[in-house]
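Under our numbering, the final residue of the sequence shown carries the number 634; numbering is consecutive throughout. For each residue, glycine too, the CB sits at the ideal point set by N, CA and C.
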Amino acid sequence: MNDFSSSPYYELFSKQSINQYAVGNRTYKERLKILNKLQQAIEVTYRTQIQVALQKDLGKPVVETELTEIYAIIGDIKFAKQNLHKWIRKQTVDTPIAMLGSSSYIKYEPKGVCLIISPWNFPFNLTFGPLVSAIAAGNTVIIKPSEMTPNASELMAKIIADLFSEDEVAVIQGEVEVSTQLLKLPFNHIFFTGSPNVGKVVMKAASEHLASVTLELGGKSPTLIDKTANIDKAAKKIMWAKFLNCGQICVSPDYVLIDESVKTQFIDACKKWLQTFYNDNPKASDSYGRIVTDKHFERLSSHLENAKKLDAKFEVGGETDSDSKYIEPTIISDLKPEAQLLEDEIFGPILPIVTYESLDMAIAYVNSKPRPLALYIYSKNKANINKILNNSRAGGTCINNSVLHYTNHNLPFGGVNNSGIGKSHGFYGFQAFSNARSVMKQHTFGVTELLFPPYTGFKEKLAQLTIKWF
Ligand code: NAD
Numbered sequence: 165m166n167d168f169s170s171s172p173y174y175e176l177f178s179k180q181s182i183n184q185y186a187v188g189n190r191t192y193k194e195r196l197k198i199l200n201k202l203q204q205a206i207e208v209t210y211r212t213q214i215q216v217a218l219q220k221d222l223g224k225p226v227v228e229t230e231l232t233e234i235y236a237i238i239g240d241i242k243f244a245k246q247n248l249h250k251w252i253r254k255q256t257v258d259t260p261i262a263m264l265g266s267s268s269y270i271k272y273e274p275k276g277v278c279l280i281i282s283p284w285n286f287p288f289n290l291t292f293g294p295l296v297s298a299i300a301a302g303n304t305v306i307i308k309p310s311e312m313t314p315n316a317s318e319l320m321a322k323i324i325a326d327l328f329s330e331d332e333v334a335v336i337q338g339e340v341e342v343s344t345q346l347l348k349l350p351f352n353h354i355f356f357t358g359s360p361n362v363g364k365v366v367m368k369a370a371s372e373h374l375a376s377v378t379l380e381l382g383g384k385s386p387t388l389i390d391k392t393a394n395i396d397k398a399a400k401k402i403m404w405a406k407f408l409n410c411g412q413i414c415v416s417p418d419y420v421l422i423d424e425s426v427k428t429q430f431i432d433a434c435k436k437w438l439q440t441f442y443n444d445n446p447k448a449s450d451s452y453g454r455i456v457t458d459k460h461f462e463r464l465s466s467h468l469e470n471a472k473k474l475d476a477k478f479e480v481g482g483e484t485d486s487d488s489k490y491i492e493p494t495i496i497s498d499l500k501p502e503a504q505l506l507e508d509e510i511f512g513p514i515l516p517i518v519t520y521e522s523l524d525m526a527i528a529y530v531n532s533k534p535r536p537l538a539l540y541i542y543s544k545n546k547a548n549i550n551k552i553l554n555n556s557r558a559g560g561t562c563i564n565n566s567v568l569h570y571t572n573h574n575l576p577f578g579g580v581n582n583s584g585i586g587k588s589h590g591f592y593g594f595q596a597f598s599n600a601r602s603v604m605k606q607h608t609f610g611v612t613e614l615l616f617p618p619y620t621g622f623k624e625k626l627a628q629l630t631i632k633w634f
C-alpha cells in the first residue's frame with residue numbers, strides 16, 4: 165500500500181472525505197438546485213467564454229461547440245433532472261418465501277469521493293458529463309482536466325470555483341505528474357476518459373485501494389458497408405462523422421470496410437459530400453477544425469508519410485500545414501496490412517478504405533482486432549445486419565448512421581475490454597457513481613430462525629424441505 169498522505173492533494177482529499185456524508189445526504193430538491201446552478205453557468209453565464217476557449221484550443225467552429233459541448237452537457241443535466249426522482253428512490257425487490265417476514269430493497273448510495281480524469285477532444289462535455297452523473301448520485305469530486313487544452317481547463321477551473329466549495333467539487337490542473345499524485349489517493353471511484361494505454365495505468369493505480377473504475381477508452385471503430393447499402397446516404401453521414409472535430413472523436417469512424425463492388429461509387433459520393441461541406445478548400449472553411457497539438461499533428465503526418473512509402477492510393481486530400489496544424493480531410497485506399505493507419509487508432513481526419521470480398525472476411529477482420537468502442541453498419545439487408553451484430557462485439561453500434569448512438573441518454577455508453585470498462589450516460593452514469601446497497605429488513609419472526617443450531621434431526625429435515633420447495 166502506498167503512502168497516500170504524502171500526496172500534495174491529500175489535504176483536499178481529506179476535506180472532501182469529511183464532507184462526503186453531508187453532500188451524500190442532500191435531498192432530491194437540493195440536488196436539483198445544484199444541477200440548475202450548473203445548467204445556468206454552462207447555458208448562460210459562461211457560454212461565450214466556452215466558445216472562445218475551444219476556438220483557441222481546437223479551432224472549433226462555434227456551431228460544433230454549441231452542438232457537441234453545450235447542448236451535450238445541457239442534455240445530460242435536463243435528463244438527470246427529469247429522472248433523478250426515479251433513480252434515487254429505493255427500488256423495492258421481491259423477497260424469497262424462505263425469508264418470510266422480511267422485505268428487501270436497493271438503495272443507490274453515493275460512492276463517496278470520486279476522481280474524474282478527462283481528455284482534450286471534447287473538454288467540457290467529457291468533464292461536465294460525468295460530473296452531472298456524480299452530482300446526481302451525491303458524490304464529492306476532484307477533476308483533472310487535460311493539459312492539452314489549457315484555455316478550456318482554465319475556464320473549467322473558474323466555473324467550478326465559482327459554483328462549488330473545494331470540499332465538494334474541485335479542479336486540479338496539470339500534466340501526467342499531477343494525475344500520478346492524484347491516483348495515489350484512496351478514491352472511492354475513478355472515472356477516466358482517455359486512451360487504452362493510460363487506462364491501464366489508471367486501473368493499476370486504482371487496484372492499490374481497490375477503487376472501482378469506469379474507463380471510457382478508445383481504439384479503432386470500424387464502419388462496415390455492404391453492397392445493399394444506400395451508398396450516397398452512407399457517404400454523407402460518414403463524411404460528417406469522420407471529419408467532425410477533425411476526426412478527434414473516440415467514436416469517429418476509424419476505417420471503412422466496404423464490399424469491393426461499391427468502393428468506387430462510395431469514394432465518388434464522399435468527394436461530392438466533402439465538396440458540399442467544406443468547398444474546394446477546407447483550409448479556408450469556417451466549418452473545419454484543426455489538430456490539437458504539434459505532437460498530434462506530427463503523429464498524423466507520420467501516418468501519411470508511412471502510407472505514401474507503402475504506395476497507398478490517396479483518393480482525397482493529403483495536404484498538411486504545420487504552422488496552423490491543418491490536415492486536409494483525407495481518404496486513402498490500397499493500404500498494405502502493415503500500414504500504421506491500420507494498426508493504431510487514427511484520431512484525426514484520415515479515413516482508410518479497406519475492401520472485402522465476403523461479409524465473413526469483413527467480420528473476421530474486425531474480430532482480429534481489439535473489441536471496438538463503436539461498430540457502424542450500413543446495409544439494407546436484415547440478414548447481413550444480424551450476422552454482423554451476432555458475430556462481433558462492440559461497446560455500441562449505429563445502423564445506417566454514425567456517432568449518434570452516443571446522444572441517446574437512454575442507451576448506456578462505453579466500450580468493452582480494450583475500448584473500456586463500465587458505462588456512462590443517463591441512468592448508467594448515475595449507476596457508475598453509485599453503490600447499489602442491498603437492504604433487507606426483518607419485520608416479524610423469520611422462519612430461518614427455525615434452522616439455527618443445534619442441528620437436530622427435525623432441522624435436517626426442514627433444511628431438506630427448504631432446498632426442495634423454496
Ligand atoms: P490520454 O489518455 O493521453 O489522456 C487523458 C487524461 O489522462 C489527460 O487528462 C491526461 O493528462 C491524463 N494522463 C495522461 N497520461 C497519464 C498517465 N501516465 N497517468 C495518469 N494520467 C495520465 O488521452 P487523450 O489524448 O487526452 O484522449 C484521446 C484518447 O481518449 C483516445 O484514445 C480516445 O479514443 C479516447 N477517448 C475516449 C472517449 C470515450 O468516451 N470512450 C472520449 C474521448 C476520448
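The closest CA to that of GLU273, considering only ILE336, TYR210, HIS353, is found on HIS353.
Judged by DSSP in its simplified three-state form, ALA538 adopts strand. Counting the other Cβ atoms within 10 Å of the Cβ of TRP633 gives fewer than 16, which makes it exposed. A residue is called buried when at least 16 other Cβ atoms come within 10 angstroms of its Cβ; GLU332 meets this threshold and is buried. In the DSSP assignment, GLY560 falls within the unbroken beta strand (DSSP E) covering 560-563.
DSSP, read as helix, strand or coil, puts LYS193 in helix.
Contact between ASP390 and LEU523 holds: their C-beta atoms lie close to 6 Å from each other, under 8 Å. Unbroken alpha helix (DSSP H) stretches of 4 residues or longer found wholly inside the region 363-443: 395-407, 427-442, given in chain order.
At least one heavy atom of the ligand NAD sits closer than 8 Å to the Cβ of PRO360. Rounded to whole angstroms, the gap between the alpha carbons of ASN443 and SER449 is 7 Å. Taking the Cα of PHE355 as reference, the smallest distance to any Cα among ASN303, LEU196, GLY383 is reached at ASN303.
A distance criterion of 8 Å places the beta-carbon of ILE585 beyond contact range of the ligand NAD, judged by its closest non-hydrogen atom. Apart from the 5 residues on each side of it in sequence, PHE478 sits with its Cβ closer than 6 Å to the Cβ of ILE496 in its chain, given in chain order. Straight through space, the alpha carbons of ALA236 and LYS242 are spaced by roughly 10 Å.
A Cβ-Cβ contact shorter than 9 Å links ILE585 with LEU379.
Counting other Cβ atoms within 10 Å of its Cβ, HIS249 stays below 16 and is therefore classed as exposed. Rounded to the nearest angstrom, the Cβ distance from LEU202 to GLU330 is 16 Å, too far for a contact under 8 Å. As DSSP reads the structure, GLY584 sits in a beta bridge with GLU380, ASN581. Residue pairing from DSSP places LEU279 in a beta bridge opposite ILE306, ILE354. Residue GLY560 holds the alpha-carbon nearest to the alpha-carbon of LYS587 among ASN564, GLY560, VAL567. When C-beta atoms of the region 384-401 are compared with those of the region 517-532, three or more pairs fall below 8 Å, so the two segments count as touching. For ASN289, the three-state secondary structure derived from DSSP is helix. Under the three-state reduction of DSSP, SER181 is assigned to helix.
In the three-state scheme derived from DSSP, where H, G and I count as helix and E and B as strand, SER556 is classed as coil. GLU318: not part of any beta strand (DSSP E); member of the alpha helix (DSSP H) spanning 314-327, first to last residue. Exclusion of the five residues before and after ALA205 leaves ILE323, ASP326, LEU327 as the residues of its chain whose Cβ lies within less than 8 Å of its Cβ. When Cβ pairs closer than 8 Å are counted between the two stretches, the region 254-268 is seen not to touch the region 283-295, the count staying below three. With a minimum length of 3 residues, the unbroken runs of beta strand (DSSP E) contained wholly in the region 487-518 fall at 494-497. Contact between ALA433 and ILE491 does not hold, since their C-beta atoms are separated by about 22 Å, which reaches or exceeds 8 Å.
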